[in-house]
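**Q** Protein chains in written order, with the numbering used here: chain W, 1210 to 1371; chain E, 1210 to 1371; chain R, 1210 to 1371; chain A, 1210 to 1371. Just so it is clear, CB atoms sit at the ideal spot from N, CA and C, and this is done for glycine as well. Once you've had a glance at the structure underneath, I'll fire off some questions.
4 protein chains.
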Amino acid sequence: MKITFIQTGGTIDKDYPKTKLGYAFEITAPAAHRILENANPSFKPEVITAFRKDSTEITLVDRRKLLKICKDTKNNKIIITHGTDTMLLSAKVLSVIKDKTIILTGAMRPEKFSNSDAPFNLGMAVGGVKVLPYGVYIAMHGQIIPWDLCWRNASGQFVSKV
Amino acid sequence: MKITFIQTGGTIDKDYPKTKLGYAFEITAPAAHRILENANPSFKPEVITAFRKDSTEITLVDRRKLLKICKDTKNNKIIITHGTDTMLLSAKVLSVIKDKTIILTGAMRPEKFSNSDAPFNLGMAVGGVKVLPYGVYIAMHGQIIPWDLCWRNASGQFVSKV
Amino acid sequence: MKITFIQTGGTIDKDYPKTKLGYAFEITAPAAHRILENANPSFKPEVITAFRKDSTEITLVDRRKLLKICKDTKNNKIIITHGTDTMLLSAKVLSVIKDKTIILTGAMRPEKFSNSDAPFNLGMAVGGVKVLPYGVYIAMHGQIIPWDLCWRNASGQFVSKV
Amino acid sequence: MKITFIQTGGTIDKDYPKTKLGYAFEITAPAAHRILENANPSFKPEVITAFRKDSTEITLVDRRKLLKICKDTKNNKIIITHGTDTMLLSAKVLSVIKDKTIILTGAMRPEKFSNSDAPFNLGMAVGGVKVLPYGVYIAMHGQIIPWDLCWRNASGQFVSKV
């Protein structure tokens, strides 16, 4: 099994900065690396960095870049780690790809936190990417949902419309 | 989506004992509870304890009890946390069930460890249980494999025969 | 031994918010509670919240409040968790107290991070507060230093002038 | 400030083994390394391994070796990480040294556990070693106690006789 993991930034990759004052975070190396190291998969994962941004700062140019990376990779199983605020927006842009299974996932608390949901969420994406039909999905809050059937409820959970 | 989680013990649930001398562990409350609390799923998980044993100590009587619990539950999506040493043996016993998707998972390091693979592995099982056909599977080392196509390689990883 | 722990906020107490967009943190319950629970001390700690602020936002009014709390407590062993950016400023204000041992400590990474320095730093303060003469000290980066002999070097470490 | 850290094994250094069946642990690299890396001390710590044993397995020969290492080091500030079961026994053997401050510490749960007391305890030892008079001390459960005034109560805590 081959899976391409693509980092775009977001909460999952946020770390506490050494240099800045105040409340700010900064986005560093892909959390996917550390999670997969603990999981010790029998396959060799490929991890690519598209960009490292809070998802409220992702531009249309960024999304086109992400789309190009997804189109260009030979693997048809892709997992994207992404900030939650605009995850559905990126999913929509990627939905023009019809011959790959693409799962977007992320975290509500950075992977560096001891109570992070990141390892579970990335696990979900890996568990689903092999068997799900081609299409673009969101893997958050214990469910993998086709992007166009997915919305966020009042408490911020990604849930199914149906 | 309804999923029944069944605890049987194993490394995933091992904790450091307060009372014993020496090297021993003890098996306590199901790790699935803590992992799911962090994941904050949009569904309400049911967590059942079948027994709490290192998997080298599971008897045929225990496995029959586990089989009965799986048969009796109304859910047809079941995730079992289990020690790795006899996971395949329990899978074989459960394989008489033909109308449910049953995934056995566990961990190489206890969930209490900061570098545990437990949250990732349970995530994989949750990601796969909804979409996989009826049958019994092993979710470990980054893959979900039908039990009868699964074996452990020299470094202890569960890998596919095909 | 009686020790009074006082929370003022700072990195040590920062958590990832559920509600806000973007990079921001928020300050929640005192990390000292969780650290001491793990440490299981044989004494019963008293934990007081003075305020919950990033230390760049602490005002002179806040510092006078903190001074009053320190003066009013009957214990003469006080440990204050505090943001690092203005830790020395608060220490100076507190230095009018001549009959108590007061140690300010904090963290470079929130206690919620799996690689936080918070438990070690709070441990240092507890280890020193019993034996150090009356005065105000900074406990960071592996050393406990009298506040008026302490400064931060170019890499942000609190070090001794002598 | 110069501190010599000496590893002897014990719970603090226990890791989950990859190779053994069942409940056993194994003792690996000194936890002090990882804890100090997170603490980022301004001094350069020296970490020596005397032996790696559960403290119930430490022999008189081992203790004489530990005594020799403590005598031979030029530093007069020594912190020893040690299993709790025979910590007081080793302290007694070391008490012939009259010109150094020696603190024995350890943990009730391995440093690899996310809820370990190890970082706090090592922090306590570092906080105390600089200021305590020459002698041998136990740093556990929130207190640093001269070894000959220290005993374990019914719940396993190290407490002061006085």
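My parser needs the beta strand (DSSP E) runs of 3 or more residues fully inside the segment 1286-1360 of chain R; what are they?
**A** 1286-1290, 1310-1314, 1344-1349 and 1352-1355
**Q** Which residue or residues does DSSP assign as beta-bridge partners of E1266 (chain W)?
**A** Answer by DSSP bridge pairing: none, since E1266 (chain W) is not bridged.
**Q** Considering I1244 (chain A), what are the terminal residues of the alpha helix (DSSP H) in which it resides?
**A** A1240 to A1248
**Q** Interface residues of chain R around P1319 (chain W) at Cβ under 7 Å?
**A** Y1225
**Q** Would you say Q1366 (chain A) faces chain R, with C-beta separation under 7 Å as the test?
**A** yes
**Q** Report the option in W:F1260, W:T1217 and W:K1301 whose CA atom is closest to the CA atom of Y1346 (chain W).
**A** The option with the nearest alpha carbon to Y1346 (chain W) is W:K1301.
**Q** What residues in its chain sit with their C-beta under 8 Å from that of I1353 (chain A), if we drop five residues either side in the sequence?
**A** I1312, M1333, A1334, G1337, L1341, Y1346 and I1347
**Q** Give me whichever residues DSSP pairs with Q1216 (chain E) in a beta bridge.
**A** E:T1258 and E:T1290
**Q** Okay, do the segment 1289-1299 of chain R and the segment 1263-1276 of chain R touch, 3+ Cβ pairs below 8 Å being the bar?
**A** yes
**Q** Among the candidates W:H1242, W:D1224 and W:R1243, whose CA atom is the shortest distance from the CA of F1234 (chain W)?
**A** Measuring C-alpha to C-alpha distances from F1234 (chain W) to each of W:H1242, W:D1224 and W:R1243 identifies W:D1224 as the nearest.
**Q** Count the other C-beta atoms from every protein chain shown that fall within 10 angstroms of the C-beta of S1325 (chain W), then say buried if there are 16 or more, exposed otherwise.
**A** Buried, because 16 or more other Cβ atoms sit within 10 Å of the Cβ of S1325 (chain W).
**Q** Rounded to the nearest angstrom, what separates L1276 (chain W) and L1303 (chain W) at their Cα positions?
**A** 6 Å
**Q** Is T1299 (chain E) close to chain A, meaning its C-beta is less than 7 Å from at least one C-beta of that chain?
**A** Sequence inspection shows Ser at residue 1299 (chain E); the Thr mentioned does not correspond to that position. No, S1299 (chain E) does not count as interfacial toward chain A.
**Q** Give the single residue among E:F1252, E:F1260, E:D1271 and E:T1295 whose Cα lies nearest to the Cα of A1316 (chain E).
**A** E:T1295
**Q** If you measure beta-carbon to beta-carbon, which residues of the segment 1251-1263 of chain R are closer than 9 Å to chain W?
**A** D1263
**Q** Taking I1236 (chain R) and R1261 (chain R) to be in contact with their CB atoms under 8 Å, please state how far apart those CB atoms are, rounded to whole angstroms.
**A** In this structure, I1236 (chain R) and R1261 (chain R) form a Cβ contact; the two beta carbons are roughly 4 Å apart against a cut-off of 8 Å.
**Q** Taking the C-alpha atoms as reference points, what is the distance between P1239 (chain R) and I1306 (chain E)?
**A** Cα-Cα distance, rounded: 50 Å.
**Q** Would the C-beta of A1241 (chain A) count as close to the ligand MN, meaning under 6 Å from any of its heavy atoms?
**A** With respect to small molecules bound, the structure shown includes none, and the ligand MN cannot be examined in it.
**Q** Can you list, in chain order, the residues of its chain whose CB lies under 7 Å from that of G1344 (chain E), leaving out five sequence neighbours each side?
**A** T1310 and P1355
**Q** Between A1248 (chain A) and chain R, is the shortest Cβ-Cβ distance under 7 Å, so that the two count as touching?
**A** Interface residue, yes.
**Q** Counting contacts by CB-CB distance shorter than 7 Å, is V1345 (chain A) in contact with chain R?
**A** no
**Q** What's the gap between the Cα of I1287 (chain R) and the Cα of K1370 (chain W)?
**A** 54 Å
**Q** Going by DSSP, which residues form a beta bridge with V1368 (chain W)?
**A** W:W1360
**Q** Hey, how far is the Cα of K1283 (chain E) from the Cα of K1211 (chain E)?
**A** 10 Å
**Q** Is it buried or exposed, H1350 (chain W), if we count other Cβ atoms within 10 angstroms and call 16 or more buried?
**A** buried
**Q** Measure from the alpha carbon of R1318 (chain A) to the alpha carbon of each residue in A:P1250, A:T1220 and A:D1308, then state which is nearest.
**A** A:T1220
**Q** Quick check: K1248 (chain E) and F1329 (chain W), are their CB atoms within less than 7 Å of each other?
**A** The amino acid occupying residue 1248 (chain E) in the given sequence is Ala; Lys does not appear at that position. Cβ atoms of A1248 (chain E) and F1329 (chain W): closer than 7 Å.
**Q** Give me whichever residues DSSP pairs with D1224 (chain R) in a beta bridge.
**A** R:E1235
**Q** Compare the C-alpha of N1285 (chain W) against each of W:I1244, W:D1308, W:S1299 and W:D1222 and name the closest.
**A** W:D1308
**Q** Between the beta-carbon of V1256 (chain E) and the beta-carbon of F1322 (chain E), is there less than 7 Å?
**A** no
**Q** Here's the rule I'm using: 16 or more other beta-carbon atoms within 10 Å means buried, otherwise exposed. How should L1331 (chain E) be labelled?
**A** buried
**Q** Check whether chain W comes within 7 Å of L1313 (chain E), counting only Cβ atoms and requiring the distance to be less than that.
**A** no
**Q** Go ahead and label L1245 (chain W) buried or exposed: buried means 16 or more other beta carbons lie within 10 angstroms of its beta carbon, across all protein chains shown.
**A** buried
**Q** Between the Cα of I1278 (chain E) and those of E:D1263, E:L1298, E:D1222 and E:T1217, spot the shortest distance and give me the residue it belongs to.
**A** When each option's Cα is compared against that of I1278 (chain E), the closest is E:T1217.
**Q** Express the C-alpha separation of D1357 (chain A) and D1263 (chain A) in angstroms, rounding to a whole number.
**A** 22 Å
**Q** Please report the distance separating the alpha-carbon of H1242 (chain E) from that of K1274 (chain W).
**A** 39 Å
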